[in-house]
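Read top to bottom, the protein sequences are chains A and B.
Heads up: take any position in the first sequence, counting from 1, add 65, and you land on this note's numbering.
Heads up: take any position in the second sequence, counting from 1, add 65, and you land on this note's numbering.
Note sheet for the following structure.
There are 2 protein chains.
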Amino acid sequence: MSKDSPNAASPSPARQRRSSDQVTLSQVAQAAGVSPITASRALNNPDKVSDSARLSVLQAVEKLGYVPNLVAGSLASSRSRLIAVIVPSLINSVFVEVIKGLQETLEAEGYQILLGNTDYDLDREYQLVRTFLGWSCSALVTAGLRHNKACHTLLANWDHPIMEVMELGKGMDLNVGLDHVAAGRCMAGHLIEKGYRQIVYVGARLSQDYRASMRYEGHKAVLKEKGIDAPLLELDTLGSLQAGAEGLAQVLAQYPHTQAIHFANDDLAAGALLAAQRQGLSVPGDIAIAGFNGLPLGQHVTPQLTTILSPREEMGRLAAKELIRRLSGKNVYRRQHDVGFTLQTGGST
Amino acid sequence: MSKDSPNAASPSPARQRRSSDQVTLSQVAQAAGVSPITASRALNNPDKVSDSARLSVLQAVEKLGYVPNLVAGSLASSRSRLIAVIVPSLINSVFVEVIKGLQETLEAEGYQILLGNTDYDLDREYQLVRTFLGWSCSALVTAGLRHNKACHTLLANWDHPIMEVMELGKGMDLNVGLDHVAAGRCMAGHLIEKGYRQIVYVGARLSQDYRASMRYEGHKAVLKEKGIDAPLLELDTLGSLQAGAEGLAQVLAQYPHTQAIHFANDDLAAGALLAAQRQGLSVPGDIAIAGFNGLPLGQHVTPQLTTILSPREEMGRLAAKELIRRLSGKNVYRRQHDVGFTLQTGGST
DNA sequence: CGCTGTCATGATAGCGCTACCATTCGTTTT
DNA sequence: AAAACGAATGGTAGCGCTATCATGACAGCG
């Protein structure tokens, strides 16, 4: 269906634009017998117009099936009610849960989410940020505090709220997250306390998932304090149940005396636990297993997985609330929010 | 004085707009010594300008740190390179995987995703569609073929591609999905073939997740053909491991002679399987369990879960490719794509 | 040598909406 | 009664970009 309407043979219309048959605000205004600007106010600042004007505008909207052109509105007002959200991965359910928390809160306030996925690539992040700034987003949410140089300068000169989530630290603007080093310390402390001494930390793609390596730092520090070695095994695949199973196998091969494995996340840990089960290994008798994140799965396997519960949806919701507060003019409540974490001990350690 | 630059101290500037300090294309053009329209072409239709012009424009862009204002561009061209994606849930990983497939394909072509979540509410979907149309999206992707009346008329009058995914049928425009009734038949057939006769179908919120109830229809039809009763148990919570465990308990209570349970999805099925394990029930000896989706988890539990594998990322990728084809002018390849499904038999049946 | 065709570039005029003043009118204040 | 005020409304001028047409330069061609 090609949409060429220039059938009327007007000899010299000078210039012609494709007439987008769309209903415009002016048409609504005309139908309602008011000026366009009043119609605009009736829709966007209802309390700035009289009841009668508002009513007739709303009726005209209904009658004509008017759909506001948000692009034009944004250009005119340089406000878009779009929020850019940039995450490193959609496979990892952790980020999806944060998005979920963001979304339910932001949508309720009339904001839309522009979603970007960097696949753990900071250059990709920069490109996404550039694009999103071009949409005059009202704010930007990004996972993590690390950005490349270009991205950093771009954001530093941007005069809208920036929210960095997931980890805690000195960010560019607003920050909601948790202390991953502390989380690593916490779990390592737990394992020590349980009497384990031969403990291997297993992560996947640590250079990308640098938050997992921050947890390893915490883990290592605790073991160091006790004079214990902290071997690290890095898998080359992304975190998954499958990878966890492989991690278990590699640990057993490389460090046969291992008593406990501290996995970088629950996907790995659960994968290892289920694999151990298949192989007839006793957990924690033969090997203890711990994870991170507190995924539901961990509570349904036998034994239950010892893990650290991170409040992911809550993180999204809190981030959204802070952004909304900021966007409504109320300036800065707190720049940094520690959402904390909870050690959840299960039978697996 | 033809144009008054905003910094010149004109005593009575009559009207003043907040001068958005942002670098504009005109400034770039000026710095490059070309007209704005040439600068525009240099960025958007590089092969329409001379090499020298293109080069100087690109240098000016770099030097001034120009970020194109996509809002203005979209208004002028009524093309936005935004794709609206509307899903009913983000908790259900199935939709996230479709989004992932869409995204990796669309982003590569320079499209951005505007994400909306209906929470299985068709009125909410209508609101989202309205908003998204206001952004002059280039296309819209929505999960499912069912919409409310208002949404339907709105979309029917919209002259951009509409892609309905997940299920298969007569859609508004393009459609990529699978036949859920057939999938239900397939699994029921498998269970029958395995010799089970007392089979309960367990779903969660079937009025919302109507695709699950389509699978039930298929399931029921097969049993009917064999003259077997097809009891249905509907859970009131959303699909989750926890709900699956509860489903198992309820089935055992209400239908003590049950030999097999056909769950609406793998979350439920895996939850039941793990629960059975905790309770010392033998699967499939005491009870057989089947699911739908082919989540990785199903392959890691013992016994492996019998399920139906649906190509979710593939569905997203295919949908994106079809959209891109359509958006590039190449008209309609095929309006409807059946991505199919695969029965994956595991030890659980 | 004029005629047409192609290429690179530019001038102009919006896209549909809202910010910014200006105006009107009825009501309050001094 | 005059002045001051606030509420409702409207006129105008853009927001920053691109579609459309117009132009000039130069090549090919009868």
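Just so you know, even glycine gets a beta-carbon here, dropped at the ideal spot from N, CA and C.
Neighbour list for residue i in chain B, Cβ cutoff strictly below 7 angstroms
i: A/V161; result: L155, V161
i: A/L123; result: The contacting residues do not exist; A/L123 stays about 14 angstroms from chain B at best.
i: A/S272; result: Within chain B, no residue comes near A/S272; the closest Cβ sits about 21 angstroms away, beyond 7 angstroms.
Contact list for residue i against chain B, beta-carbon separation under 9 angstroms
i: A/L180; result: V150, I164, Q168, Q177, I178, L179, L180
Proximity test, Cβ basis, 9 angstroms: residue i and chain B
i: A/H212; result: no
i: A/A314; result: no
i: A/S77; result: For A/S77, the pLDDT reaches just 36, beneath the cut-off of 50, and the residue's location in the model is therefore unreliable, although a value from the coordinates is still provided. No, no contact with chain B.
i: A/Q342; result: yes
i: A/G394; result: no
i: A/H217; result: no
i: A/P226; result: no
i: A/E172; result: yes
i: A/N222; result: yes
i: A/L463; result: Here chain A has residues from 66 to 414 only, and residue 463 of chain A is not among them.
Residue i at chain A interface by Cβ criterion, 9 angstroms
i: B/F197; result: yes
i: B/E258; result: no
i: B/S201; result: yes
i: B/P71; result: Only weak support exists for where B/P71 lies, its pLDDT of 35 falling under 50; the coordinates are left without a value.
Under 8 angstroms from the C-beta of residue i: neighbouring residues of chain A
i: B/G336; result: H365
i: B/S158; result: S158, V161
Residue i Cβ short of 8 angstroms to the ligand SAH heavy atom set
i: B/L271; result: As far as ligands go, the structure on display features none, and thus does not contain the ligand SAH.
Per-residue contacts from residue i into chain A (C-beta, under 9 angstroms)
i: B/P349; result: Ordered by position in chain A, no residue passes the 9 angstroms Cβ test against B/P349, which lies about 17 angstroms from the chain.
Buried versus exposed call for residue i [16 or more other C-beta atoms within 10 Å across all chains shown]
i: B/P133; result: buried
i: A/N110; result: exposed
i: A/I102; result: exposed
i: B/A141; result: exposed
i: B/A314; result: exposed
i: B/A73; result: With a pLDDT of only 34 at B/A73, under the threshold of 50, the placement of this residue in the model should not be trusted, and no figure is reported.
i: B/T410; result: exposed
i: A/Q319; result: exposed
i: B/N358; result: buried
i: B/P65; result: Since the first residue shown for chain B is 66 and the last is 414, residue 65 of chain B is missing from the structure and cannot be characterised.
i: B/N182; result: buried
i: A/E258; result: exposed
i: B/D294; result: exposed
i: B/D188; result: exposed
i: A/M292; result: Here residue 292 of chain A is Gly; the residue named in the question, Met, does not match the sequence. Classification of A/G292: exposed, given that the 10 Å Cβ count is below 16.
Proximal residues of chain B, C-beta to C-beta of residue i below 8 angstroms
i: A/P361; result: S305, L306, Q307
At least three beta-carbon pairs within less than 8 angstroms, the segment 330-339 of chain B to the segment 300-311 of chain B: Yes, the segment 330-339 of chain B is in contact with the segment 300-311 of chain B.
Chain B contacts made by the segment 127-147 of chain A, where a contact means CB separation under 7 angstroms: V132, P133, N134, L135, V136, A137, S139, L140, S143, S145
Sufficient close CB pairs (3 or more, under 8 angstroms) joining the segment 200-217 of chain A to the segment 354-366 of chain A: no
Members of the segment 98-111 of chain B that neighbour chain A once the beta carbon cut-off is set at 8 angstroms: none
Sufficient close CB pairs (3 or more, under 8 angstroms) joining the segment 370-380 of chain B to the segment 144-156 of chain B: no
Residues, ordered as in the chain, of the segment 289-317 of chain A that lie near chain B by beta-carbon distance below 9 angstroms: S305, L306, Q307, G309, A310
At least 3 beta-carbon pairs within less than 8 angstroms: the segment 247-257 of chain B vs the segment 275-293 of chain B: With the cut-off at 8 angstroms, the segment 247-257 of chain B and the segment 275-293 of chain B touch.
Contact between the segment 237-249 of chain A and the segment 290-305 of chain A (3+ Cβ pairs under 8 angstroms): no
Touch test, the segment 381-392 of chain A against the segment 221-231 of chain A, Cβ-Cβ under 8 angstroms, three pairs minimum: yes
The segment 273-285 of chain A contacting the segment 93-103 of chain B, beta-carbon criterion three pairs below 8 angstroms: no
The segment 118-131 of chain B contacting the segment 157-165 of chain B, beta-carbon criterion three pairs below 8 angstroms: no
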